[in-house]
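When the letters of the sequence shown are read in order and numbered with the numbering used here, they come out as residues 318 to 645.
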Amino acid sequence: MRNVVVLGGSGFIGSHVVARLSAAGCSVRVPTRRRERARHLLPLPTVELIATDTFDQATLQRLVRGTDAVVNLVGVLHGRRGTPYGPAFERAHVRLVDRLASACVAEGVTRVVHVSAIGADSRGPSMYLRSKGDGEAALRAAAGLRWTILRPSVVFGAGDNFLNMFAAMQRIAPVVPLGGADQRFAPVHVGDVACAIEHALRGPRSAATVGRIYELAGPGVYTLGELVRLAGVWAGIANGRGRPVLSLPAPLARLLATLLEFAPGGPLMSRDNLDSMRQPSIAGGVLPGFAPELGVERPASLEAVAPGYLGQHGLAGRFDGFRASAGR
Ligand SMILES: NC(=O)c1ccc[n+]([C@@H]2O[C@H](COP(=O)([O-])OP(=O)(O)OC[C@H]3O[C@@H](n4cnc5c(N)ncnc54)[C@H](OP(=O)(O)O)[C@@H]3O)[C@@H](O)[C@H]2O)c1
Numbered sequence: 318m319r320n321v322v323v324l325g326g327s328g329f330i331g332s333h334v335v336a337r338l339s340a341a342g343c344s345v346r347v348p349t350r351r352r353e354r355a356r357h358l359l360p361l362p363t364v365e366l367i368a369t370d371t372f373d374q375a376t377l378q379r380l381v382r383g384t385d386a387v388v389n390l391v392g393v394l395h396g397r398r399g400t401p402y403g404p405a406f407e408r409a410h411v412r413l414v415d416r417l418a419s420a421c422v423a424e425g426v427t428r429v430v431h432v433s434a435i436g437a438d439s440r441g442p443s444m445y446l447r448s449k450g451d452g453e454a455a456l457r458a459a460a461g462l463r464w465t466i467l468r469p470s471v472v473f474g475a476g477d478n479f480l481n482m483f484a485a486m487q488r489i490a491p492v493v494p495l496g497g498a499d500q501r502f503a504p505v506h507v508g509d510v511a512c513a514i515e516h517a518l519r520g521p522r523s524a525a526t527v528g529r530i531y532e533l534a535g536p537g538v539y540t541l542g543e544l545v546r547l548a549g550v551w552a553g554i555a556n557g558r559g560r561p562v563l564s565l566p567a568p569l570a571r572l573l574a575t576l577l578e579f580a581p582g583g584p585l586m587s588r589d590n591l592d593s594m595r596q597p598s599i600a601g602g603v604l605p606g607f608a609p610e611l612g613v614e615r616p617a618s619l620e621a622v623a624p625g626y627l628g629q630h631g632l633a634g635r636f637d638g639f640r641a642s643a644g645r
């Protein structure tokens, strides 16, 4: 696997994947709709940035032509509402995967590693999870592809859009009103997810990952309320105590989420996020997790890593947090 296309390579997880593949000597093609967003990849010697909207079949075929494998990390967290999901989810999670699969089949590129999410299910509780489920189904239905599907829980690491956002909120708000505070997550480190993707592509036992779905969960399980509190503590907010978390009852959480959906930029929390949290984002125990073929012996714990990057109190650290929460 020397030549790889990484869709979504400019994003949080994608950037780690691209850096790993480049360090391993692979030539990596990264399409991006906003070259500006991917400029941090420019110094990597074997990475080719392609400014394009990877959506139509012809563009996708040109993109994958002559490569050995494709990694798909395209994802959206918010979008207009609809049944079973709104147009942004349909476009990014389902139609794109369907067209990508057809493009790969047409160009004879058979190896695809696809990143979905824990709980992906066509009949799941949220638009996000339903569209992720349908995207998986589209990939699996394509004849002749050798796919691997990875389903992470929430992903943490420097520049994440999760703990950084909770820390940024606590820098400006005296108290954090929170819906779904009791919902459970098993945060997984971005480095471990990137390692699993690389091993699925080119590890010594990569063949064992073909046709399998893995749930990538970290070693600890936390409620959302605990994660918000820890983000505040590790970011040193309120002298290291963090702000109080105010757990909202479900109707109030929904009302707040509805209001946040009308705020400029991506909402901090949407009704669909609340719907996703109706089921825990933890490994279900039925699908394999970090099996040996994924090359991660011991997934990193939140405690070992997050205090390091959240605890940068300087201006640069704060701007990183704001940039992460603004999705830039
Ligand atoms: N981060 C997590 O906690 C987490 C947890 C579970 C699953 N996942 C899944 O992992 C994948 C990567 O997540 P991430 O956190 O790295 O996401 P991210 O930082 O938001 O990056 C998303 C990437 O997708 C591309 N993209 C978004 N919408 C697109 C569209 N309509 N058409 C084409 N490209 C589009 C963006 O590319 P450009 O803007 O450069 O074009 C960007 O590179 C996603 O599928 C996500 O659902 C993430």
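Each residue gets a CB set at the ideal place from its N, CA and C atoms; glycine is no exception.
So what does residue i bridge to, in DSSP terms?
i: T687; result: Here the chain covers residues 318 to 645 and nothing more, so residue 687 does not appear.
i: S598; result: F502
i: A368; result: T349
i: T540; result: R501
i: V603; result: Looking at the DSSP assignment, V603 forms no beta bridge with any residue, so it has no partner.
i: S344; result: N320
i: A472; result: Going by the sequence as given, residue 472 is Val instead of Ala. Looking at the DSSP assignment, V472 forms a beta bridge with V505.
i: L304; result: Because residue 304 is not part of the residues shown, which for the chain are 318 to 645, the question remains open.
i: L495; result: S564
Can you name, in chain order, every residue of its own chain whose Cβ lies under 6 Å from the Cβ of residue i, other than the five neighbours on each side?
i: S433; result: K449, E453, I466 and R468
i: A511; result: H333, V334 and R337
i: D451; result: V411 and S439
i: N320; result: S344, T384 and D385
i: L361; result: S339
Got a sec: does ligand 1 put a non-hydrogen atom nearer than 7 Å to the Cβ of residue i?
i: L565; result: no
i: S523; result: no
i: S327; result: yes
i: A600; result: no
i: G425; result: no
i: F579; result: no
i: F479; result: yes
i: A434; result: yes
i: A623; result: no
i: P597; result: no
i: G582; result: no
i: F372; result: yes
i: A409; result: yes
i: P469; result: yes
i: L390; result: yes
i: V387; result: no
i: I489; result: no
i: A355; result: yes
Would you mind reading off the limits of the alpha helix (DSSP H) that contains residue i?
i: A448; result: For the record, residue 448 in the displayed sequence is Ser; it is not Ala. Here the alpha helix (DSSP H) through S448 covers M444 to A458.
i: V391; result: Where V391 is concerned, there is no enclosing alpha helix (DSSP H), given that its DSSP letter is neither H nor E.
i: P360; result: Unbroken run through P360: none, as it is neither H nor E.
i: P624; result: L619 to L627
i: C568; result: Note that residue 568 corresponds to Pro in the displayed sequence, not to Cys. That run of the alpha helix (DSSP H) goes A567 to E578.
i: R564; result: Sequence inspection shows Ser at residue 564; the Arg mentioned does not correspond to that position. First-last for S564: V562 to S564, but that is the beta strand (DSSP E), not the alpha helix (DSSP H).
i: R416; result: L413 to E424
i: D438; result: That residue, D438, is in no alpha helix (DSSP H); it is neither H nor E in DSSP.
i: F479; result: That residue, F479, is in no alpha helix (DSSP H); it is neither H nor E in DSSP.
i: L591; result: R588 to S593
For residue i, which residues in the same chain have their Cβ closer than 8 Å to its Cβ, ignoring the five residues on either side in sequence?
i: T349; result: G326, S327, A355, L366, I367, A368 and T369
i: A498; result: T540, L541, G542, V545, V562, S564 and L565
i: G612; result: C512, A513, E515, H516 and G520
Closer than 7 Å by C-beta to residue i: which residues in its own chain qualify, once you throw out the five before and the five after it? Chain order, please.
i: Q374; result: R416, S419 and A420
i: S642; result: Only weak support is given to the placement of S642: the predicted model assigns it a pLDDT of 48, under 50, and the value that follows is read from those uncertain coordinates. So the list reads N478, N481, M482 and A485, once near-sequence residues are dropped.
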